[in-house]
Amino acid sequence: MKTSFRFALAVVIGLAAGAAAIAGVKPFVSDKSKDYFGYYLPDATVKTGRYQLRNLFIGGKDEFVSFESGKADKAFAAVMAEFDDVTSPKKTGEDGQEFYTRTIRVLPTGYTVGNGIVHFAGTDKTLGAVVFDGKFEKDFFKKPTPDVPHPDDHPILKGKLTVGKQSFTVAFNWFGGD
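Numbering (this note's numbering), first residue to last: 715 to 892.
Put into structure tokens, the structure is as follows:
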């Protein structure tokens, strides 16, 4: 059975049971042997209505272990998507960067991270279903050299994002955070 089919089946089963795993299907699967940690920033504007995609966050091994064991904060997940309400007021953070004051954090109902892929499914009462199906560029795990660019220099994760009824082809640059 292909990974994407298993993931879709797990998401459907998870959604039908209030995102709980049933019948032995685990909707949260991650490869903890590699470090996927980072904020994946869209290289172009992705907007639906008044909401604009800020990032796709993928945690490190500790976040996966904590989330998958049920010990994570209810407002944080090992994989999640954040959207800014571009009609909300802006503030300036301590680093001098402006940010919108209202955001939506879409937590997963299921995800698979590993073998060079990311499958994410979540839902939000405003945005509806949010699904991302993407693939890492082959150089993502290689050490940067003159022939291998650093992962924040170019899109490193590409795929299809669906928000509600809208679909987007997206590419993300990697950012390691502050």
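Glycine residues also receive a C-beta, built at the ideal position from the N, C-alpha and C atoms. Quick caveat, the model's predicted, so the values are computed rather than measured.
Item to check | Among 748, 802, 873 and 820, nearest to residue 794 - alpha-carbon criterion | outcome: Here residue 794 is taken as the residue at index 80 of the sequence shown, counted from 1. Ranked by how close their Cα comes to the Cα of residue 794, the residues 748, 802, 873 and 820 have 820 in first place.
Item to check | Cβ pair residue 878, residue 843 closer than 8 Å | outcome: Counting from 1 along the sequence shown, the entry for residue 878 is found at position 164. Counting from 1 along the sequence shown, the entry for residue 843 is found at position 129. Contact annotation: residue 878 and residue 843 have beta-carbon atoms nearer than 8 Å.
Next on the checklist: If contact is defined by three or more beta carbon pairs under 8 Å, each pair taking one atom from either stretch, is the stretch 757 to 773 in contact with the stretch 800 to 816?
Outcome noted: With the rule of 3 Cβ pairs closer than 8 Å, the stretch 800 to 816 counts as touching the stretch 757 to 773.
Checklist entry - So what does DSSP say about residue 778, is it helix, strand or coil? => result Here residue 778 corresponds to residue number 64 of the sequence shown, with the count starting at 1. Here residue 778 carries a helix assignment [DSSP, helix/strand/coil].
Checklist entry - Which term fits residue 883, buried or exposed, when burial requires 16 or more other beta carbons within 10 angstroms of its beta carbon? => result Position 169 of the sequence shown, counted from the start, is the residue given in the question as residue 883. Exposed.
Next on the checklist: Within a Cβ cutoff of 8 Å, which residues of the same chain sit near residue 738, ignoring the five residues on either side of it in sequence?
Outcome noted: Along the sequence shown, read from residue 1 onward, the residue named residue 738 stands at position 24. Note that residue 738 scores 40 on pLDDT, short of 50, meaning its location in the model is unreliable and no value can be drawn from it.
Next on the checklist: In this structure, how does DSSP classify residue 891 when only helix, strand and coil are distinguished?
Outcome noted: Position 177 of the sequence shown, counting from 1, holds the residue named residue 891. Residue 891 falls in the coil class under three-state DSSP.
Checklist entry - How close, in whole Å, do the beta carbons of residue 796 and residue 769 come, if the pair is a contact with beta carbons under 8 Å? => result Residue numbering aside, residue 796 sits at position 82 when the sequence shown is read from its first letter. Residue numbering aside, residue 769 sits at position 55 when the sequence shown is read from its first letter. The C-beta distance from residue 796 to residue 769 rounds to 5 Å, short enough to meet the 8 Å contact threshold.
Checklist entry - How should residue 798 be labelled, buried or exposed, when 16 other C-beta atoms within 10 angstroms of its C-beta is the threshold for buried? => result As a working mapping, residue 798 is identified with position 84 in the sequence shown. It is buried - the Cβ of residue 798 has at least 16 other Cβ atoms within 10 Å.
Item to check | Contact check, residue 885 vs residue 874, beta carbons under 8 Å | outcome: As a working mapping, residue 885 is identified with position 171 in the sequence shown. As a working mapping, residue 874 is identified with position 160 in the sequence shown. Cβ distance not < 8 Å, so residue 885 and residue 874 don't count as in contact.
Checklist entry - Just how far apart, CA to CA, sit residue 787 and residue 776? => result Taking the first residue of the sequence shown as 1, we reach residue 787 at position 73. Taking the first residue of the sequence shown as 1, we reach residue 776 at position 62. Distance between residue 787 and residue 776, taken at the CA atoms: about 13 Å.
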